[in-house]
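Heads up, the sequence shown is in UniProt numbering, so the first residue is 1 and it goes up one at a time.
Ideal Cβ positions, reconstructed from N, Cα and C, are used throughout, including at glycine.
A quick note: this is a predicted structure, and the numbers were derived from the prediction, not measured.
Heads up: the structure comes next, in structure tokens.
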Amino acid sequence: LNDDRNLSGKSGFSDECFEWIKAQAEDARKNDQFILAMTHHPLIAPSPIYELIGKNDMLGDYETRRNELADLGIQFILTGHTHVHDIDMITSDRGNTLYDIATAATVGYPAPIRTIVFDPDVKMVSTTTDLITETVDFDLEGKTLQEYLKYQLIGMVKDMIKAAGTDIPTLADMATAMSIKKNSFIKSAGL
1 LNDDRNLSGK SGFSDECFEW IKAQAEDARK NDQFILAMTH HPLIAPSPIY ELIGKNDMLG
61 DYETRRNELA DLGIQFILTG HTHVHDIDMI TSDRGNTLYD IATAATVGYP APIRTIVFDP
121 DVKMVSTTTD LITETVDFDL EGKTLQEYLK YQLIGMVKDM IKAAGTDIPT LADMATAMSI
181 KKNSFIKSAG L
């Protein structure tokens with residue numbers, strides 16, 4: 001489902017796109033078909049802090065849309081964007097459940113690959129996660145891929161903590177990786 005632009009200046013579904021989604025869901029229901037949806041931006045924050053610092057990176061109107069999708073009979077939606085490996089669910093006011101299955105990027109620690117198995121005969125969904133451990137053609141500085149990716153992540157966090165205490169402009173540059181606008185960050189820091 002294309003949510004990269006809702007024609008209102010943010011991510012989300014345009015009205016035309018959502019009408020198409022509703023038509024597809026109705027057709028699937030009439031024909032006893034299962035819907036597995038996929039979209040870029042999350043409908044459920046992958047962590048409590050993400051909704052605070054990354055709200056603009058959630059699907060536009062996510063609080064409304066996730067309930068609407070659940071009530072259309074869509075139970076599972078694959079999402080990305082956050083680079084966080086997470087599965088969470090909501091239950092709509094009408095009692096319908098939607099699972100947001102987010103898979104992290106394979107280029108960051110811990111480089112996960114998620115496998116999802118849908119077994120309609122027993123009405124079961126299962127997921128497994130494997131980590132990339134193969135050798136890659138890249139200078140890992142003598143480390144395994146997992147060690148290198150972890151080292152990079154910890155180094156980034158250390159650099160952010162150091163910048164928070166000594167170099168706010170650098171921290172503002174780094175904050176853009178968490179969808180915090182540099183100018184907003186600098187204003188809130190009083191610079």
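Three-state secondary structure assigned by DSSP to residue i
i, result
"residue 114", "strand"
"residue 61", "coil"
"residue 191", "coil"
"residue 93", "coil"
"residue 148", "helix"
"residue 109", "coil"
"residue 172", "helix"
"residue 54", "coil"
"residue 98", "strand"
"residue 12", "strand"
"residue 71", "helix"
"residue 154", "helix"
"residue 137", "coil"
Rounded distance between the beta-carbons of residue j and residue i, thought under 8 Å
i, j, result
"residue 86", "residue 46", "4 Å"
"residue 195", "residue 67", "Outside the displayed span of the chain (1 to 191) sits residue 195, for which this structure offers no information."
"residue 43", "residue 75", "Contact doesn't hold; Cβ gap of about 12 Å is too wide."
"residue 73", "residue 29", "6 Å"
"residue 150", "residue 109", "5 Å"
"residue 111", "residue 77", "Not really, about 23 Å apart at Cβ, beyond 8 Å."
"residue 128", "residue 115", "5 Å"
"residue 84", "residue 70", "Not quite, the Cβ-Cβ distance comes to about 21 Å (not below 8 Å), so this is no contact."
From the options, residue whose alpha carbon lies closest to that of residue i
i, options, result
"residue 50", "111, 128, 115, 177", "177"
"residue 40", "175, 72, 25, 81", "81"
"residue 161", "149, 151, 174", "174"
"residue 163", "189, 96, 148, 65", "189"
"residue 228", "64, 123, 53", "There is no way to answer for residue 228, as the model of the chain reaches only from 1 to 191."
"residue 94", "116, 105, 64", "64"
"residue 124", "34, 14, 10, 16", "34"
"residue 146", "172, 107, 121", "107"
"residue 38", "79, 21, 103, 69", "79"
"residue 117", "27, 169, 36", "36"
Continuous beta strand (DSSP E) stretch holding residue i: start and end
i, result
"residue 78", "76–79"
"residue 126", "124–131"
"residue 38", "36–38"
Per-residue burial, residue i [other beta carbons within 10 Å of its own, 16 or more giving buried]
i, result
"residue 100", "buried"
"residue 153", "exposed"
"residue 32", "exposed"
"residue 126", "exposed"
"residue 113", "exposed"
"residue 166", "exposed"
"residue 119", "exposed"
"residue 171", "buried"
"residue 13", "buried"
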